[in-house]
Each structure stands twice: as structure tokens, then as C-alpha cells.
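Numbering (this note's numbering), first residue to last: 33 to 200. Below you'll find the structure, written out as C-alpha cells, and then a few comments.
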């Protein structure tokens, strides 16, 4: 590792440690960067890091590009990751549902009653950038978006699986 790499890692670590508490209201120290600047779209990238024994992916869309929960779900799947949890902005567990209801009301203003299934599709269209995803597993490889071919290609081999322990 050169001095420039070390300085870049320090800069990226500070950037993540400022962004995550500000947007997600979660204190999450970055223990180790696993992969940095993975292209996930024309103006978006991902950072995969370890914090307190768990692996997280931070997905950021730049230049005013709007990224939705559905986009993030698709990106995570195409990267070869399995998501355990999508952490909502401001640590608000109702963020996706509440904003999904607002989108539903805009589309159907006369609708007075709805259930979770009605809101489910609209909750996936809620803006979600930057996105923070807790990773459950990586199945053998991590892929990146190739802008020239407009397709996903293998970036490197990597396997990770979080062991689920359940007490009964």
C-alpha cells in the first residue's frame, strides 16, 4: 500500500463516517474497506466495508441522479450480494411505507383506504440515495456495471456468508 492509497483510504473513511451518521442516524465505525468505488451505473458507485463484524454496502448516486429502493435492490442483486436489511434514512423504520403511501395518494387521490399490499409497489419507488445495505452473503464473486457494454461483469472473486444463529 502506497502513501497515496493510505491517504485515499483515510479520506474515504472520514467521508463515510460523516455521511452515515448524518443521513442514517447510525453510529457505524468503518473498521475495514473491503472494496471501494465499484461502478454500479452511469453515475453511481458502491463501497463495501466491514463494521463491527458485519458487512455493509454504501451505494451512492451522483450528479443529481435519483436512485429508488427498487434500483438499490436491483443493483445489490446484480452485484452478487444478498441483502439482509436496507437501512432507512434517519433510522426511520416507517420511511419506505410512509413515502409509499404518499406516492400512492398522488397516483390515486380519491383512494381513502389501502393495505400493505397496495403500498408495497409504491414503497419500492421511494427515493433512496445514498443507500446503506447490510449484506447477508456474497456468492463467489462481486460484479460491476460495465458502461460500454451496458451489462454487469465479474470484478473479482469473493465469498462471504453471515452465519445465522437462532435461539429457541
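Quick reminder that beta carbons are idealized off the backbone N, C-alpha and C, glycines included.
N- and C-terminal bounds of the alpha helix (DSSP H) containing residue i
{"i": "residue 150", "result": "148 to 155"}
{"i": "residue 107", "result": "101 to 111"}
{"i": "residue 131", "result": "127 to 139"}
Nearest to residue i (by Cα), restricted to the options the options
{"i": "residue 67", "options": "90, 56, 49", "result": "90"}
{"i": "residue 77", "options": "162, 169, 183", "result": "162"}
{"i": "residue 172", "options": "159, 188, 180, 178", "result": "188"}
{"i": "residue 42", "options": "61, 56, 55", "result": "61"}
{"i": "residue 94", "options": "137, 73, 128, 184", "result": "73"}
{"i": "residue 65", "options": "83, 75, 185, 100", "result": "83"}
{"i": "residue 118", "options": "81, 86, 101", "result": "101"}
Residue i, DSSP secondary structure in three states
{"i": "residue 77", "result": "strand"}
{"i": "residue 200", "result": "coil"}
{"i": "residue 41", "result": "helix"}
{"i": "residue 123", "result": "helix"}
{"i": "residue 64", "result": "strand"}
{"i": "residue 188", "result": "strand"}
{"i": "residue 58", "result": "coil"}
Residue range of the beta strand (DSSP E) that includes residue i
{"i": "residue 175", "result": "173 to 178"}
{"i": "residue 166", "result": "163 to 170"}
{"i": "residue 234", "result": "There is no way to answer for residue 234, as the model of the chain reaches only from 33 to 200."}
Paired residues, beta bridge with residue i - DSSP
{"i": "residue 114", "result": "169"}
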